[in-house]
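J.: Got a structure for you, written out below as structure tokens; questions coming shortly.
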Amino acid sequence: MGRSASQDVLITLVVSAVLIWVMPLLISTYTLTVLVIYGMLGLSLGLIWGFGGILCFGQAAFFGLGAYTYAIAAINIGESTVPMILAVLVPAVFATLLGAMMFYGRLTDVYLGVITLVVTLILFKFVNSTAGPQYVIGKARLGGFNGIPGFQTLNVPGDPDAYVWGDPFFYVCAVALVIVFLLVTWLLRSSFGRIAVGIRENEVRMGLMGYDVAARKTVLFAVGAAIAGLAGALFANWGEIVTPNLFSLGQSAEIIIWCIVGGLGTRLGPIVGAAGLAYLKFMLGQQSMVDNTLITGLILVLFVLFLPRGLVPAIASVLSSIFGRTKRRPNASRTRRARHG
Amino acid sequence: MSLNRRELLGGAAALGTAAMLPKAVMAAGTIQLGSILDTSGIFDAYGKPMDQAMRLAVKEINDAGGLLGKQVEVAAYDTQSDMALYSQYAQQLTRQDRVDVVHGGILSASREAIRQTMRKTKTLYFYNVQYEGGVCDRNLFATGVTPAQQVEVLVPYAMKKSGPKVHILAADYNYGQITARWIQKFVEDNGGEVVATDFFPLDVSDFGSTITKVQQTAPDLIVAPLVGGAHLSFFRQWAAAGMKDKIPLASTTMGVGNEHKVLTPEEGNGIMVAYNYSQELETAANTTFKEKWQAEYGDTTAIHELAVSTYQGIMLWAEGVRKAGSVERDAVIEALETGISIDGPAGKVTIDPQTHHATVDVHIMEFDNQGMTVIETLPQRAPIDTQAVCDLQTNPDDNTQYEIEI
Amino acid sequence: MDLSFVILIEMLYAVASLVLISAGLAVVFGMMKVINLAHGEFMMMGGYATITAVGLGVNVFVAMLVIAPIVVGLIGLIVERLVIRHLYGRLVDTMLATWGLSLVFIGIATMIFGNTTTGISTPIPGFAVGDYQINGYNFFIIVVSIALVIAMFAVLRGTRAGLIARGTMQRSDMAAALGYSPDRIYMMTFFCGSALSGLAGAVLAPLVGLVPTSGGAYIAKAFITVIAGGPSLIAGLVSSATSFGLVSQIFTFAISPVIGEVALLIAAVILLRMMPQGITGRFFKGKM
Amino acid sequence: MAETVLETHGLTMRFGGVTASDNVNFKLKAGELRCLIGPNGAGKSTFFKCVTGLLTPTEGHVYMRGQDVTGWQPHQIASLGVGIKTQTPNVMDALSVHENIWLAARRFHNVSEAHGRADEIIDRLALGPIARTELGQLAHGERQRVELGIVAVADPWLVLLDEPAAGMSAQDVDRMTEIIHELTRSAAVVIVEHDMQFIRSIAETVTVFHQGAVLIEDHVDRVMSDPHVRAVYLGKNS
């Protein structure tokens, strides 16, 4: 990495502080909140796909699991602190089990894609068919297709009556994203992160060096799931309802599209892609000229064809060529290979 | 729950946001009506005609001089069949557009996604869709029919035509589960027996094994509250297996989104249903309504139950505003609670003050050549299911969706 | 006795429809190592092509078996020329691009046909087996998929094109070295694969209500069946369709359709965990 | 008497009906350099894969420094201090030379030590000028050399190399020979090879594989003059 760690942290903090101050002047905080949450979700896949080479077709499963865990725990506990923690832990544990099963089975690329897709489908189908009164966890009815409304939303820890919502909730989410971003940065700078990149590049070699590739991929997968789970819990708080759609393939598809459009192999790309496309979708809902699915599809096709590295790397290379900085040349083959991981 | 603190925080937040935002340009002296419907995505077969009906109703009001001398302006959002967008646009409507009333929501999940926002921001909310019943919220008016209203009349009629043994095939979600229970109750009340009940998630489209299973239970009648495009396959596969003339079918949902126009006469004829509206209603009100629709959109085939509910919902609200002489929420609620009624395309619709649901005419109908022929009209059926659990007159702070214990 | 016959037919039907759903995807994947995620939408378009043709007065069987495959095959050809051909050898990129295409097709179909469910009724009447009525159309689907498998086998075994195709499957560079342009082979393959998808969509259309998003219901199943089948085209297709079809029907009859679907998915996970290269990667290496 | 570092007992590997490796008993002493030779399909690569954990043998056992490692994963075997280089260059193309070697060093050392070790190996292999270049942009010989660096940086006591000289220029081969000799100072080395020129230049004892089994095991000169071996290489049955 070009910059030193402290520079990196400083730049991140300054830029995000400015953004957190300026953005609410342009877009309503309620919409911004969900953009931030989607950014976090995009980052979760960007981490495991872009830096670990694990293409997960079911990142939405962890998102949904986080949201449902939060909702169910919040109904049963009535205070949001423990549910928030559980919403991070449950997806992480689930991902650990799933990851161990897949990675120790030496499943790679397409096969990995199928398994994650299938697991997402199973979760979706299960949750979708829990409308009956027999599906209860503690006090919480799972609700099937209709989802779970009316749970305790985020409160100041220890004080269940002090709700955090509206603008304060936006700031909580934004700060959470900054913290997650810094953690990801730290992780990628650490040996663990560099080894993960090594595994993305060549699993066999890393195994022959003595690294337990399966274990490391499992851990990375779980970290990604934990981040997605946190995003899910925040989303549950934002929407005040959770529905099986969170688990849907459509949701998984969107996450993948965010990463592609934003730029794989970068930390910023998936966040930018997620926020940008979600905002586009929001704007499109205010017109009815062209079908919105069509536009999303076209964007994806055009990006794969003409800008396969995504926006952020493309902009970075344009900027560096303008300002002539001797930054490390972004490598096209890098992203390509990452995707085939 | 300390609502005060919440409202304080939230209120401050709303104020702060609004102050910073370029406020939506709105002409002074107009009334703002917010609409939030899926006009694209998988639910648009429901949402598009509802949107058309909403615009038709508003146009009619404006052509007649508006409300309280002001024109009604529409702020409409397409939620693209995406639940997350409901939350977002609800915030947009209430905090930025500051509308005076919101009409919309299709699925129960979408209603629950926006209901609390409406309540918190004190924005009057109309949910104009046939649904499972039981929502008890002073801020909400539900103008669609609920299961008891339909089932109470449909089941005895269908059993009389067929026999006492009933097999229920229901959509596996909130609506289907609750409706199935009501069907069971009325089957038993009428001296019948439910031999089996099966639930199907909304994406099930292969009913081969189900058709075999039904033949094993050998019922006299099938009541099928099945929902959506995938479930339509049941009616088709049922006919393809040659079962249609052997066991009669009744449904509380088939046709709500004009599904009967997709089935061929051979597949559809004879299926028994009970709704508030049918295009084939031979009343002056319906004829006029269809003429107006024809003039506006050129084609009346798209009109369905939910579109008419929406139209009636807006007319009820307008009536409430006229009576209150204001668009202010509490005044309008009080006016509506006097038991206001209007004469809509589907007959007289009256607000039930106790539940904020609607008392409507219910028509027993049979499919005939891709239309719904009215067999019998049962005037002014009250929402008895919701009435059993909800009394907003004695408990105005209630904010629950009850599951009605039968 | 009657009941077991009826159940047997239902099982055969389940297997047959899986074969039908997956054939187009299997051809494209087997030959080109391209996973066409717009496969479900190709099926959807096959359905719409049939319904439109029937609406114009064409005989329903002609519409299903001739018009729909040709129309969808041509659409596939255009797609291949415009998009896929730039992405050969980039498995994940083709998946993403075809995913995008599937959304585009849904959008276009929505704009043309609207989201209202449409459909045609089944052209074959039901009949009685003892005390039971069964859907006569199930037989038609079973027959079509058997014919399809035989035809695929005959083409691959018995024709020059099949020989080239088998060669390409094994070593795509060899075919090129022998003077066959891989570009043309791929183009033809994609045409055939799309046509098969169109055929499947058309043949299944009378059983289900069609909406522009109908394709989504098929793609996951087809994807799972093809990948679990592994590298051998026909053996893989038939073996995995049989295993999944049987598993899902057994659970459907024993418990419920949802459990049947979940059982299929769980079977897929177990199968891939045990045989990461698919069934034929393990048992039928090097066969077709 | 030097310690036995690698030993196999009755190692057998069958693929379906084909026996690719047939009851191989093999012994390697510390500090020894051994070449495995044989015509294509003789089973030397299968043997190599069974020893390195890339394949699990059907029958028989593999011992390293007396420990039974049969059925271990490659990473477990590597963790013992065994350096492995596969036939095709197996490196991280998008990473620089330094990063590649650092990653290997990091497995057994902490971050800063790993940097020191990596720099040292880069110096030793004269990779300094290209240390910051990504491997994807290097020539074949350089990539092979980097892979040897990856093996060497971990200080292995046993090194297993599959065709290290394949596809290299004469000059590259010379340098390779040098590096391998250097490795033998601290480790026992097994080389799978069929380039006779290279073997003559490097080996003392060679093991000849034929039809999955060990045909002969002797000093390189005697092996080369053995009529059996000649027959095998010329494709005649003796």
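Chains as they are written, first to last, in the numbering used here: chain A, 344 to 684; chain B, 2 to 407; chain C, -10 to 277; chain D, 268 to 505. A virtual CB, placed ideally from N, CA and C, is assigned to each residue, including glycine. These numbers come from a predicted model, not from an experiment.
1. Can you list, in chain order, the residues of the segment 301 to 312 of chain B whose Cβ is nearer than 9 Å to any Cβ on chain A?
2. Would you say A3 (chain C) reaches chain A, if we count a Cβ-Cβ gap shorter than 8 Å as a contact?
3. Where do the ends of the alpha helix (DSSP H) carrying I304 (chain D) lie?
4. Taking 8 Å as the threshold (C-beta atoms), are G434 (chain D) and H407 (chain D) in contact?
5. When you compare the CB of T271 (chain D) with every CB in chain A, is at least one pair closer than 8 Å?
6. Would you tell me roughly how many angstroms separate the C-alpha atoms of N580 (chain A) and P503 (chain A), rounded to the nearest one?
7. Going along chain F, which residues have a C-beta under 8 Å from L9 (chain C)?
8. Tell me which same chain residues have a C-beta within less than 7 Å of the C-beta of P266 (chain B), skipping the five on either side of it?
9. Report the neighbours of E113 (chain B) on chain A: residues whose CB is nearer than 8 Å to its CB, in chain order.
10. Got a sec? Which residues, its chain only, sit under 8 Å from D360 (chain D) by beta carbon, not counting five neighbours each side?
11. Which residues bound the beta strand (DSSP E) around Q280 (chain B)?
12. In three-state DSSP terms, what is S245 (chain C)?
13. In three-state terms, what does DSSP make of P171 (chain C)?
14. Determine the burial state of G198 (chain C): buried for a count of at least 16 other Cβ atoms within 10 Å of its Cβ, exposed for fewer.
15. Reducing DSSP to helix, strand and coil, say where L16 (chain B) ends up.
16. Please report the distance separating the alpha-carbon of T202 (chain C) from that of W294 (chain B).
17. Tell me the residue span of the alpha helix (DSSP H) that contains H448 (chain D).
18. Between which two residues does the alpha helix (DSSP H) carrying G29 (chain C) extend?
19. Look up P492 (chain A) in the DSSP assignment and say whether it is helix, strand or coil.
20. Taking T374 (chain A) as the query, report the chain B residues whose CB atoms sit under 9 Å from its CB, ordered along the chain.
21. What is the DSSP secondary structure of Q72 (chain B), counted as helix, strand or coil?
22. Using a Cβ-Cβ cutoff of less than 7 Å, which residues in the same chain neighbour L650 (chain A) once the five nearest sequence positions on both sides are dropped?
23. Residues in its own chain within less than 6 Å of L386 (chain A) by CB, not counting five upstream and five downstream?
24. Between which two residues does the beta strand (DSSP E) containing Q122 (chain C) stretch?
25. Please report the straight-line C-alpha distance between D120 (chain C) and A417 (chain A), rounded to a whole angstrom.
26. Would you say L86 (chain B) lies against chain A (beta-carbon separation less than 8 Å)?
27. Go ahead and pull the three-state DSSP assignment for I(-4) (chain C).
28. What first and last residue would you give for the alpha helix (DSSP H) that runs through I101 (chain C)?
29. Do you know whose CA, among B:D83, B:D79 and B:E153, lies nearest P686 (chain A)'s CA?
30. Just grab the DSSP bridge partners of F368 (chain B) for me.
31. Using DSSP's beta-bridge definition, name the partner residues of T474 (chain D).
32. If we call anything under 8 Å between Cβ atoms a contact, is A(-3) (chain C) one with A230 (chain C)?
33. Whose CA, out of B:I272, B:M316, B:T351 and B:T124, lies closest to the CA of I376 (chain B)?
34. Can you check whether the CB of V457 (chain D) is closer than 8 Å to the CB of L428 (chain D)?
35. CB Y175 (chain C) to CB Y37 (chain C), shorter than 8 Å?
36. Is the segment 303 to 311 of chain B in contact with the segment 121 to 133 of chain B, if contact means three or more CB pairs nearer than 8 Å?
T.: The short version:
1. Going along the segment 301 to 312 of chain B in chain order, one finds no residue with a Cβ nearer than 9 Å to chain A.
2. Locating residue 3 (chain C) in the third sequence gives position 14, where the first residue counts as 1. For A3 (chain C), the answer is no, since every Cβ of chain A falls outside 8 Å of its Cβ.
3. Within the fourth sequence, numbered from 1, the residue matching residue 304 (chain D) stands at position 37. No alpha helix (DSSP H) holds I304 (chain D); the beta strand (DSSP E) holding it covers L300 to I304.
4. In the fourth sequence, residue 407 (chain D) corresponds to position 140, counting from 1. In the fourth sequence, residue 434 (chain D) corresponds to position 167, counting from 1. In this structure, the beta-carbon distance from H407 (chain D) to G434 (chain D) falls below 8 Å.
5. The sequence position of residue 271 (chain D) within the fourth sequence is 4, counting from 1. By this cut-off, T271 (chain D) is not an interface position.
6. To locate residue 580 (chain A), count along the first sequence from 1; it is residue 237. To locate residue 503 (chain A), count along the first sequence from 1; it is residue 160. For N580 (chain A) and P503 (chain A), the gap between their C-alpha atoms comes out near 14 Å.
7. The question asks about chain F, but that chain is absent: this structure's protein chains are A, B, C and D.
8. Walking along the second sequence from the start, residue 266 (chain B) turns up at place 265. Taken in chain order, the residues that qualify are N370 and Q371.
9. Reading the second sequence from its first residue, position 112 is the one you call residue 113 (chain B). Neighbours of E113 (chain B) on chain A, chain order: N489, G490, P492, G493 and I584.
10. Here the question's residue 360 (chain D) lines up with position 93 in the fourth sequence. Result list for D360 (chain D): E401, L402 and G403, in chain order.
11. The residue you call residue 280 (chain B) lines up with position 279 of the second sequence. First-last for Q280 (chain B): undefined, no H or E at that position.
12. Numbered from its first residue, the third sequence carries residue 245 (chain C) at position 256. Three-state result, S245 (chain C): coil.
13. For the purposes of this step, residue 171 (chain C) is identified with residue 182 of the third sequence, where counting begins at 1. DSSP places P171 (chain C) in helix when its eight states are reduced to three.
14. Locating residue 198 (chain C) in the third sequence gives position 209, counting from the first residue. Label assigned to G198 (chain C): buried.
15. As a first step, residue 16 (chain B) must be located in the second sequence, where it is residue number 15. A caution first: L16 (chain B) carries a pLDDT of 37, below 50, which makes its placement in the model unreliable, though a value can still be read off. In the structure shown, L16 (chain B) sits in a helix (DSSP, three-state: H, G or I).
16. Here the question's residue 202 (chain C) lines up with position 213 in the third sequence. Here the question's residue 294 (chain B) lines up with position 293 in the second sequence. Take the alpha-carbon of T202 (chain C) and the one of W294 (chain B): they are about 29 Å apart.
17. Mapped onto the fourth sequence, residue 448 (chain D) falls at position 181. It spans A437 to T451 - the alpha helix (DSSP H) in which H448 (chain D) sits, taken as one unbroken run.
18. Mapped onto the third sequence, residue 29 (chain C) falls at position 40. Note, G29 (chain C): alpha helix (DSSP H), H28 to G44.
19. Against the first sequence, residue 492 (chain A) aligns to sequence position 149. DSSP places P492 (chain A) within a strand segment (E or B) once states are collapsed to three.
20. Here residue 374 (chain A) refers to the residue found at position 31 when the first sequence is read from its first residue. In chain order: Q89, Q92 and Q93.
21. Position 71 of the second sequence, counting from 1, holds the residue named residue 72 (chain B). Taken through DSSP and simplified to helix, strand or coil, Q72 (chain B) comes out as strand.
22. Taking the first residue of the first sequence as 1, we reach residue 650 (chain A) at position 307. Scanning its chain for C-beta atoms nearer than 7 Å, with the 5 sequence neighbours on each side dropped, one finds around L650 (chain A) the residues A657, in chain order.
23. Taking the first sequence and counting its residues from 1, one reaches residue 386 (chain A) at position 43. Within the same chain, Cβ atoms closer than 6 Å to the Cβ of L386 (chain A) are found at P613 and I614, the five residues on either side in sequence being excluded.
24. Within the third sequence, residue 122 (chain C) is the residue found at index 133, counting from 1. Segment Y121 to I123, the beta strand (DSSP E) holding Q122 (chain C).
25. Here the question's residue 120 (chain C) lines up with position 131 in the third sequence. Here the question's residue 417 (chain A) lines up with position 74 in the first sequence. The C-alpha of A417 (chain A) is placed about 53 Å away from the C-alpha of D120 (chain C).
26. Looking up residue 86 (chain B) in the second sequence gives position 85. At a cut-off of 8 Å, the C-beta of L86 (chain B) has a neighbouring C-beta in chain A.
27. As a first step, residue -4 (chain C) is located in the third sequence; it is residue number 7 there, counting from the start. If DSSP states are grouped into helix, strand and coil, I(-4) (chain C) belongs with the helices.
28. Translated into positions along the third sequence, residue 101 (chain C) becomes position 112. In this chain, the alpha helix (DSSP H) harbouring I101 (chain C) covers L80 to F102.
29. Examination of residue 686 (chain A) is not possible in this model, given that chain A is present from 344 through 684 alone.
30. Position 367 of the second sequence, counted from the start, is the residue given in the question as residue 368 (chain B). Per the DSSP secondary-structure output, F368 (chain B) pairs in a beta bridge with B:M373.
31. Within the fourth sequence, residue 474 (chain D) is the residue found at index 207, counting from 1. D:L303 and D:E484, per the DSSP bridge assignment.
32. Counting from one through the third sequence, the residue named residue -3 (chain C) turns up at place 8. Counting from one through the third sequence, the residue named residue 230 (chain C) turns up at place 241. The residue asked about is misnamed: residue -3 (chain C) is Leu in this sequence, not Ala. No, Cβ-Cβ distance for L(-3) (chain C) and A230 (chain C) is not below 8 Å.
33. Position 375 of the second sequence, counting from 1, holds the residue named residue 376 (chain B). For the residues B:I272, B:M316, B:T351 and B:T124, the minimum Cα distance to I376 (chain B) belongs to B:I272.
34. Working through the fourth sequence from its first residue, we reach residue 428 (chain D) at position 161. Working through the fourth sequence from its first residue, we reach residue 457 (chain D) at position 190. Yes. Within cutoff.
35. Translated into positions along the third sequence, residue 175 (chain C) becomes position 186. Translated into positions along the third sequence, residue 37 (chain C) becomes position 48. No, they are not a contact pair.
36. Yes, they touch.
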